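Chemist:
In C-alpha cells:
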C-alpha cells in the first residue's frame, strides 16, 4: 500500500493525467525515432542531410517542430511530475521496495525517473543549440567533433533510447496490448538498433568535422 501511494500522486487515479502522459510519451517516442532516421540521412552523403535540413528550413518546419516539442514535452513532464513521488519520504518507500523485491520492472521505473530528469536538461540544451545555430552538415559535424559535445550526444542517445524503450514497454504492458516478456525482448532489439544507427551517424559526423 505504501508503494502504491508513493508512486501515484492522486490515490484515486487521474485518468486524464495518465492519458496525457501516455499520449505525449508515445508522440515523443515516435519523434525520437523519426529524428534518428533524419540524422541517419548523413549515411547517404552530405547532400542528403543538407537537402532534408534545407527542406525543413524552406517550409518553416524547424520552428513548428520546436513548438511541437515544447508542448508535448511540457505536457509529458507535467503529467509525470503529478504522478511521481515528490517528497523525500515517499521516494524512500520506492527505493526500499525496489531493494527488497529485486523486481526488474520496479527498478526500471526508478531508473526511468532518473534518466527522465537528466533528459529534461540535455534535451533543452540540444533544442536551444539547434534553434540558434541551425542545422546543416558543416555546423553539425563541427559540434560533434568537439569532445565535449560528442560525449553530450552519446549520453543523450543512450539515455533517450533507454527511457523511450522502458516507457513504451510500460504503456503497452499496462494496457494489456502485448505479452510482457515478448515485448521486452522486441524493444531491447529495437533500442539496440537505434543506438547503433545513432552511433554510426555520430561517427560519420565526427569524421567530417575532425
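Residue numbers (this note's numbering): 1053 to 1262. Even glycine gets a Cβ: it sits at the ideal position worked out from N, Cα and C. None of these values were measured; they are calculated from a predicted model.
#1: Give every residue of the same chain whose Cβ lies closer than 7 Å to the Cβ of residue 1132, excluding the five residues on either side of it in the sequence, and list them in chain order.
#2: Between the Cα of residue 1215 and the Cα atoms of 1224, 1087, 1115 and 1163, which residue gives the shortest distance?
#3: Would you report the Cα separation of residue 1184 and residue 1097, rounded to the nearest angstrom?
#4: Is it true that the CB of residue 1174 sits closer than 8 Å to the CB of residue 1207?
#5: Excluding the 5 residues preceding and the 5 following residue 1250 in the sequence, name in chain order all residues of the same chain whose CB lies nearer than 6 Å to its CB.
#6: Between which two residues does the alpha helix (DSSP H) carrying residue 1253 extend?
#7: Going straight from the alpha carbon of residue 1067 to that of residue 1219, what length do you get?
#8: Thinking residue 1193 and residue 1260 are a contact (beta carbons under 8 Å), I'd like their distance in whole angstroms, please.
#9: Just the C-alpha distance for residue 1200 and residue 1069, rounded to the nearest angstrom, thanks.
#10: Taking 6 Å as the limit between beta carbons, can you name the residues of its chain near residue 1170, skipping five residues before and five after?
#11: How about residue 1121 and residue 1179: do their beta carbons lie closer than 8 Å?
#12: If the criterion is Cβ atoms closer than 8 Å, does the pair residue 1245 and residue 1094 meet it?
#13: Where does residue 1126 land, buried or exposed, given buried means 16+ other C-beta within 10 angstroms?
#14: From the DSSP output, in three-state form, read off residue 1085 for me.
#15: Assign residue 1243 to one of two classes, buried (16 or more other C-beta atoms within 10 Å of its C-beta) or exposed (fewer than that).
#16: What three-state label does DSSP hand residue 1017 in the structure shown?
#17: So the alpha helix (DSSP H) residue 1104 belongs to, where does it begin and stop?
#18: With the cut-off set at 8 Å, would you say residue 1172 and residue 1129 are in Cβ contact?
#19: Give me the residue from 1115, 1217, 1248 and 1106 with the minimum Cα distance to residue 1237.
#20: The alpha helix (DSSP H) with residue 1192 in it runs from where to where?
Modeler: Reading off the structure:
#1: Start at 1 with the first residue of the chain shown, and residue 1132 comes out as number 80. Closer than 7 Å at Cβ, skipping near neighbours: 1073 and 1168.
#2: By 1-based counting over the chain shown, the position of residue 1215 is 163. Checked all of 1224, 1087, 1115 and 1163; the closest Cα to residue 1215 is 1163.
#3: Taking the first residue of the chain shown as 1, we reach residue 1184 at position 132. Taking the first residue of the chain shown as 1, we reach residue 1097 at position 45. Going by the C-alpha atoms only, they are around 24 Å apart.
#4: As a first step, residue 1207 must be located in the chain shown, where it is residue number 155. As a first step, residue 1174 must be located in the chain shown, where it is residue number 122. It is a contact, given that the beta carbons lie within the stated cut-off.
#5: As a working mapping, residue 1250 is identified with position 198 in the chain shown. So the qualifying residues of the chain are 1088 and 1209.
#6: Taking the first residue of the chain shown as 1, we reach residue 1253 at position 201. Unbroken alpha helix (DSSP H) run through residue 1253: 1232 to 1261.
#7: Residue numbering aside, residue 1067 sits at position 15 when the chain shown is read from its first letter. Residue numbering aside, residue 1219 sits at position 167 when the chain shown is read from its first letter. C-alpha separation (whole angstroms): 17 Å.
#8: Translated into positions along the chain shown, residue 1193 becomes position 141. Translated into positions along the chain shown, residue 1260 becomes position 208. Contact flag correct, Cβ pair sits at about 4 Å.
#9: Counting from 1 along the chain shown, the entry for residue 1200 is found at position 148. Counting from 1 along the chain shown, the entry for residue 1069 is found at position 17. So the two alpha carbons sit approximately 37 Å from each other.
#10: Here residue 1170 corresponds to residue number 118 of the chain shown, with the count starting at 1. 1211.
#11: Reading the chain shown from its first residue, position 69 is the one you call residue 1121. Reading the chain shown from its first residue, position 127 is the one you call residue 1179. Cβ atoms of residue 1121 and residue 1179: closer than 8 Å.
#12: Taking the first residue of the chain shown as 1, we reach residue 1245 at position 193. Taking the first residue of the chain shown as 1, we reach residue 1094 at position 42. The answer is no: Cβ separation not under 8 Å.
#13: Residue mapping note: residue 1126 aligns to position 74 of the chain shown, counting from 1. So residue 1126 ends up on the exposed side.
#14: Here residue 1085 is taken as the residue at index 33 of the chain shown, counted from 1. The answer is helix: DSSP assigns residue 1085 an H, G or I state.
#15: One-based indexing of the chain shown puts residue 1243 at position 191. With 16 or more Cβ atoms within 10 Å of its Cβ, residue 1243 is classed as buried.
#16: As displayed, the chain neither begins before 1053 nor continues past 1262, which places residue 1017 out of reach and without an answer.
#17: Looking up residue 1104 in the chain shown gives position 52. Where residue 1104 is concerned, the enclosing alpha helix (DSSP H) stretches over 1098 to 1110.
#18: On the chain shown, residue 1172 is found 120 positions in, with the first residue counted as 1. On the chain shown, residue 1129 is found 77 positions in, with the first residue counted as 1. Yes, the Cβ-Cβ distance between residue 1172 and residue 1129 is below 8 Å.
#19: Position 185 of the chain shown, counting from 1, holds the residue named residue 1237. Of the candidates 1115, 1217, 1248 and 1106, the one whose C-alpha sits nearest the C-alpha of residue 1237 is 1217.
#20: Taking the chain shown and counting its residues from 1, the one referred to as residue 1192 is at position 140. It spans 1189 to 1197 - the alpha helix (DSSP H) in which residue 1192 sits, taken as one unbroken run.
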